[in-house]
Amino acid sequence: FKNDVRVGRSGRESPSFAFAFDIDGVLLHVAKPIPGATKVLKFLNDDNIPFILLTNGGGKHETERVKDLEARLGVQLSTDNFVQSHTPFQELLEGPNSLRDKTVLVTGSDYEKCRTIFKEYGFQNVITPADIYAADPTIFPFQAPSSYTTPSQPLPKPLYSHPGPITNPATLPSHLKIDAIFVLNDPRDWALDLQIITDLLLSHAGYLGTYSPLNHPTPTTRDHPNGGWQNDSQPPLYFSNADLLWSAGYHLPRLGQGAFQAAVAGLWRRITGGAELRRVSIGKPYRETYRWAERVLTSMGDGGGRIGGVGGLRRVYMVGDNPESDIAGANGYCSEEGTEWVSVLVRTGVWSAERGGKLEGVFEPKVVVDDVMGAVKWALKKEG
Ligand code: G3P
Ligand code: MG
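Residue numbers for the sequence shown follow UniProt numbering, so the first one is 68 and each next one is one higher.
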């Protein structure tokens, strides 16, 4: 492989191009390295060719995930060139609407892991659905969720309960108010998560246990001045990725966080008689994630210099397996730095010719290759 790809490259200077590798379906099938992945990453490390890992995965803090990846791939990696789905949420700690000291609900895979991620990011008050269930099991009239463990931060009991609209908000302050809701990875306990998220979307300003008719439109409230469908005091709902499908160990793609998002949106439409769920989704293909990734790349370089010296980063090869996230995102991203993002689709993941999946418009990659090794060979040949 080294001889094939070291076309005219001395392997010394840092080139003016870089790679962005998707993980699931390109480098790994869950825990199992995809053939060629380790060899490619070792070659790029040895030859000082910059790359980042850019995944819609998540559920562990970056430091823990990178250690996992190093062990699975047998390659030295760093959090300095690792971006996962919820990494950019750290931006919400700063600025005039900072959520740093607000109370946020997080869910995703393991509830305590989700709390740890956000605490390590710097969010000060992080609640999980398990905390709420522990404080009042009647909120969920079925058995405890499978990933339930006794919360590390028990909530004050009892939780607030008020059956009707709030006429005097002054009576509320001592009760649990969720200021924002985050989905950080692929939820395991959809039933509990859907119940708690719905309770909060129907609540008065995120006060759990309350109910606001403004959020539950009927023919009369629909004409309410603020639209009736969803009043402005509703806690914002953030999803870290919109992947309907992803490539795991099974031979067919699996449902991802985008499927959970569709379940929340479908449930909200049914409860409200047709309202569209207001939400923010990041991750690939969205601009925020590619902008974050590009800033990580442009901050890399020999000893903190810029990749490619004065000319900077000219081109990023985005190697992915999902046309809806990796390919569409790279094709649609307008770089702040004038960098060209080149989309390269591999056949080892979500997309396969046999299952169809038209590659047209924004989903059309620059090239389709068999696997990550083919992607790097193609790119390095192009770079000459
Ligand atoms: O949860 C993981 C899935 O959404 C896909 O991750 O690495 O293919 O972007 P990735
Ligand atoms: Mg993938």
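Don't be surprised by glycine CBs; every beta carbon is placed ideally from N, CA and C.
Nothing here was measured: the structure is a model prediction, and the numbers come from that model.
Check: Quick one: what does DSSP say residue 222 is sitting in, helix, strand or coil?; Outcome: coil
Check: Consult DSSP for residue 385 and reduce its assignment to one of helix, strand or coil.; Outcome: strand
Check: Please state the DSSP three-state secondary structure of residue 204.; Outcome: helix
Check: My output table needs one value for residue 251: the three-state DSSP class, helix, strand or coil.; Outcome: coil
Check: With 16 as the cutoff for other CB atoms within 10 Å, does residue 237 come out buried or exposed?; Outcome: exposed
Check: CA-CA distance, residue 96 and residue 132?; Outcome: 15 Å
Check: Considering residue 264, what are the terminal residues of the alpha helix (DSSP H) in which it resides?; Outcome: 257-268
Check: So for residue 85, helix, strand or coil by DSSP?; Outcome: strand
Check: Taking 7 Å as the line, does the beta carbon of residue 417 fall inside it for any heavy atom of the ligand MG?; Outcome: yes
Check: Between residue 445 and residue 107, what straight-line distance do the alpha-carbon atoms span, to the nearest angstrom?; Outcome: 13 Å
Check: Per DSSP, what kind of secondary structure is residue 100 in: helix, strand or coil?; Outcome: strand
Check: If we ignore side chains and look at the alpha-carbon of each, how far apart do residue 303 and residue 416 end up?; Outcome: 33 Å
Check: Going straight from the alpha carbon of residue 408 to that of residue 200, what length do you get?; Outcome: 45 Å
Check: Report the option in 410, 282 and 109 whose CA atom is closest to the CA atom of residue 233.; Outcome: 282
Check: Would you give the residue range spanned by the beta strand (DSSP E) that residue 194 belongs to?; Outcome: 192-194
Check: My parser needs the beta strand (DSSP E) runs of 3 or more residues fully inside the segment 156-190; what are they?; Outcome: 170-174
Check: Examine the ligand MG and report whether any of its heavy atoms sits within less than 7 Å of the Cβ of residue 282.; Outcome: no
Check: Using only CA atoms, which one of 347, 315 and 223 lies nearest to residue 328?; Outcome: 347
Check: Quick check on residue 299: buried or exposed, where buried means 16 or more other Cβ atoms within 10 Å of its Cβ?; Outcome: Reliability of the predicted coordinates at residue 299 is poor, the pLDDT of 46 falling under 50, and the value obtained from them is presented with this limitation in mind. Label assigned to residue 299: exposed.
Check: Compute the distance between the beta-carbons of residue 189 and residue 152, then report whether it is under 8 Å.; Outcome: no
Check: Inspect the beta-carbon positions of residue 160 and residue 360 and report whether they are closer than 8 Å.; Outcome: no
Check: Here's the rule: buried if 16 or more other CB atoms are within 10 angstroms of the residue's CB, otherwise exposed. What is residue 220?; Outcome: exposed
Check: Bridge partners for residue 119 per DSSP, in chain order?; Outcome: 87
Check: Kindly identify the DSSP beta-bridge partner or partners of residue 244.; Outcome: 274
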